[in-house]
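Participant: If you read the sequences in order, they're chains A and B. Residue 1 is where the first sequence starts when you use our numbering, and the numbers rise one by one after that. Residue 1001 is where the second sequence starts when you use our numbering, and the numbers rise one by one after that. Sharing a structure with you now.
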Amino acid sequence: MELIESPLQDLKKEVSTGTTIIAVQYQDGVIIGADSRTSSGSYAVNRVTDKLTPVHDYIYCLRSGSAADTQIIASYVSYYLNMFSIEEGCLPTVKKAAHMFREFCYQNKQYLLASIIVAGWDEENGGCVYNVPLGGSIIKQPFAIGGSGSSYLYGYCDIHFKENMTEEEAISFVSKGITEAIARDGSSGGICRIATINKDGVKRRTIYGNELQKFWEK
Amino acid sequence: MQKGGFNFDLYQRNVELIEKNNYKVPKTTKTGTTIVGVVFSDGVVLGADTRATSGPIVADPNCEKIHRISDYIWCAGAGTAADTENTTGMISLQLELLSLSTGRSPRVRTALTLLKNFLFRYHGYISAALVLGGVDFTGPHLHMIHPHGSTSTLPYISMGSGSLAAMAVLETGYSSKMGEEDAKSLVHQAILSGILNDLGSGGNVDLCVIKHKSMEFFRNIDTTNSKRKFRKKLPYMFKSGSTKILEKEIEEKMRKMEIVNEKENAIEELEEL
Chain A
1 MELIESPLQD LKKEVSTGTT IIAVQYQDGV IIGADSRTSS GSYAVNRVTD
51 KLTPVHDYIY CLRSGSAADT QIIASYVSYY LNMFSIEEGC LPTVKKAAHM
101 FREFCYQNKQ YLLASIIVAG WDEENGGCVY NVPLGGSIIK QPFAIGGSGS
151 SYLYGYCDIH FKENMTEEEA ISFVSKGITE AIARDGSSGG ICRIATINKD
201 GVKRRTIYGN ELQKFWEK
Chain B
1001 MQKGGFNFDL YQRNVELIEK NNYKVPKTTK TGTTIVGVVF SDGVVLGADT
1051 RATSGPIVAD PNCEKIHRIS DYIWCAGAGT AADTENTTGM ISLQLELLSL
1101 STGRSPRVRT ALTLLKNFLF RYHGYISAAL VLGGVDFTGP HLHMIHPHGS
1151 TSTLPYISMG SGSLAAMAVL ETGYSSKMGE EDAKSLVHQA ILSGILNDLG
1201 SGGNVDLCVI KHKSMEFFRN IDTTNSKRKF RKKLPYMFKS GSTKILEKEI
1251 EEKMRKMEIV NEKENAIEEL EEL
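Pasting the structure below:
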């Protein structure tokens, strides 16, 4: 029974988005990107996950950690943001969304395993990226990376990031980063999902596995 | 005072019972299962095996794992049998009440939110892994729900212990342009793959085809795995004389009864009382 049970033990583990997520500020807004693998142990439960979750018209969050926890938190924040924006009669700022995420993650830190990047565009501040990692801290950054695959990207991002990139440069930055992480991290894989958020709204695109750039491979 | 949720007061006692008193914990009936769902052009097909296990023993060789949530929203469940049945039962009630109070036919998405919020509150302790499928006025939908409350929306899904075997078949055979017959055949093959290759799955194949305002339930569409060659006919009938009689002893248990006084209208008297 021992031998037979080992692949099944994977299915009993909690589903986590062992992930790579990146968000970067550019000239007119933000570019966000993620891989598409949701794993449960070593079994890929969903190979085409959408980790780019909208919480409002111009604000998205990138989820990593426990799939259940992050889905519920994003659901709550989306609900409250909508209520507040209707009451105030104006679009919410990315800062408000990020602080709301922080409130949930910090106050319930014993029960949650959620590391979230909040990115979007608002009128006053343009494109903003906020990192809300595991403990519930909040940091505003020009670019943020998260998930298990991000370990392989710190060097890459430090060298290649520039302030005020154009849209093409920023998309190239994000897609190459995701590609690298997918190549090196076992818990990241699938396709690369990218979204551009600026004053004109959200534009989404998908880069399939065979279109991802190859680095130093023959 | 704790309102709702689980009560862990007896946890310490249970641990001591198991360790010191060698108490044998009764096994819960699990559906070590293969459940599958596929979206096709006009709707959704759900499939399941029919074996319910209690440890290594088959508790029920022909149980029903596809539960009704609403007329055109059905849900296949893997995990602990009690959890899947009661969870789907409760959400079915809630959905019916919601549909009556809003005056609208229920949506698959609503059932999904009710199920995910319910399971999330219990942090994975309610071991119910579900494949929820149905057709509402917005079209066909198929979702997977894990015990911790995370969900995914996909065109084809497999869950349970036989999910790896079933997924192999689905990945090979799925196409976005499938019709009803192709989808039924694919689901059938996927469940068979689970039944044959996974020890926790077995029995017959159940199929459920849901289209717009139509639902067909094929209970035991495939029973080839249940046709065992050597099977004793039930009930057990032994020929008279198969057991040797060693000793015979006759005791008079009942003494003769004498009728002393008979009342003619006894029954009428009782009725008046």
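All C-beta atoms, glycine included, are put in the ideal place defined by N, C-alpha and C. Just so you know, these numbers come straight off a predicted model, no measurement behind them.
#1: When DSSP labels each residue in this structure, what does B:His1146 get in the three-state scheme?
#2: Ordered along the chain, which non-local residues of its own chain (more than five positions away) have a Cβ less than 6 Å from that of A:Gly65?
#3: Can you list the alpha helix (DSSP H) stretches of 4 or more residues lying completely in the region 74-121 of chain A, in chain order?
#4: Rounding to the nearest angstrom, what Cα-Cα distance links A:Leu52 and A:Ile191 in this structure?
#5: Cutting at 6 Å between CB atoms, please list the residues of its own chain near A:Ile59, excluding the five before and the five after it.
#6: Is A:Gly177 closer than 7 Å to A:Arg37 when the C-beta atoms are compared?
#7: Assuming the contact rule is C-beta atoms closer than 8 Å, A:Val174 and A:Ile73 should be a hit. Round their C-beta distance to whole Å, please.
#8: Counting only C-beta atoms, is B:Gln1012 closer than 7 Å to chain A at any point?
#9: Using the rule of at least 16 other Cβ atoms within 10 Å of the residue's Cβ for burial, across every protein chain shown, is A:Cys90 buried or exposed?
#10: Exposed or buried, what is A:Trp216 when buried is set at 16 or more other beta-carbons lying within 10 Å of its beta-carbon?
#11: Does the beta carbon of A:Ile73 come closer than 7 Å to any beta carbon on chain B?
#12: Is A:Glu2 close to chain B? Criterion is C-beta to C-beta, closer than 7 Å.
#13: So with Cβ pairs under 7 Å, would you call A:Ala34 a contact of chain B?
#14: Leaving out five residues on either side along the sequence, give the residues of the same chain with a beta carbon under 7 Å from the beta carbon of B:Met1159.
#15: For B:Ile1066 versus B:Leu1046, is the C-beta distance shorter than 7 Å?
#16: Using the beta-carbon of each residue, which ones in chain B are nearer than 8 Å to A:Thr93?
#17: Report yes or no: do the region 1234-1248 of chain B and the region 1052-1068 of chain B share at least 3 C-beta pairs separated by less than 8 Å?
#18: Consult DSSP for B:Pro1092 and reduce its assignment to one of helix, strand or coil.
#19: Measuring alpha carbon to alpha carbon, tell me which of A:Arg102, A:Cys157, A:Asp185, A:Pro92 ends up nearest A:Asn131.
#20: Would you list, in sequence order, the uninterrupted beta strand (DSSP E) runs of no fewer than 3 residues that lie entirely inside the region 124-167 of chain A?
#21: Of all Cβ atoms in chain B, is any one closer than 7 Å to the Cβ of A:Ala114?
#22: Quick one: grab the DSSP three-state call for B:Leu1199.
#23: What's the call for B:Thr1224, buried or exposed, on a 16-neighbour Cβ count within 10 Å?
Facilitator: By the coordinates alone:
#1: DSSP places B:His1146 in coil when its eight states are reduced to three.
#2: Hits under 6 Å: Leu113, Ala114, Ser115.
#3: Listed in chain order, the complete alpha helix (DSSP H) runs (minimum 4 residues) inside the region 74-121 of chain A are 94-107.
#4: The alpha-carbon atoms of A:Leu52 and A:Ile191 are separated by roughly 13 Å.
#5: Excluding positions up to five away in sequence, the list reads Val94, Ala97, Gly120.
#6: Result no, Cβ atoms of A:Arg37 and A:Gly177 do not sit closer than 7 Å.
#7: Not quite, the Cβ-Cβ distance comes to about 23 Å (not below 8 Å), so this is no contact.
#8: Not closer than 7 Å to any Cβ of chain A, the Cβ of B:Gln1012 fails to qualify, so no.
#9: Taking all protein chains shown into account, A:Cys90 has fewer than 16 neighbouring C-beta atoms within 10 Å of its C-beta and is therefore exposed.
#10: Residue burial annotation: A:Trp216 is exposed, with fewer than 16 other C-beta atoms found within 10 angstroms of its C-beta.
#11: No, A:Ile73 does not count as interfacial toward chain B.
#12: Confidence at A:Glu2 is low in this model, with a pLDDT of 40, below 50, so its placement is unreliable and no value can be given for it.
#13: Any Cβ of chain B closer than 7 Å to the Cβ of A:Ala34 would place that residue at the interface, and such an atom is absent.
#14: Counting only Cβ-Cβ distances below 7 Å, and skipping sequence neighbours, we find Ile1035, Ala1078, Ala1129, Val1131, Met1144.
#15: Their beta carbons are under 7 Å apart, which means B:Ile1066 touches B:Leu1046 by this criterion.
#16: Those within 8 Å of A:Thr93 in chain B number zero; the least Cβ separation is about 28 Å.
#17: The count of Cβ pairs closer than 8 Å, one atom from the region 1234-1248 of chain B and one from the region 1052-1068 of chain B, stays below three, leaving the stretches out of contact.
#18: For clarity, residue 1092 of chain B is Ser in the given sequence; the question names Pro instead. If DSSP states are grouped into helix, strand and coil, B:Ser1092 belongs with the helices.
#19: Closest by C-alpha distance to A:Asn131, out of A:Arg102, A:Cys157, A:Asp185, A:Pro92, is A:Arg102.
#20: Taking only runs of at least 3 residues, the beta strand (DSSP E) segments lying wholly in the region 124-167 of chain A are 126-132, 139-141, 143-146.
#21: No, because no Cβ of chain B sits closer than 7 Å to the Cβ of A:Ala114.
#22: Looking at B:Leu1199 - three-state DSSP - the assignment turns out to be coil, as it is neither helix nor strand.
#23: By the neighbour-count rule (16 or more Cβ atoms within 10 Å), B:Thr1224 is not buried but exposed.
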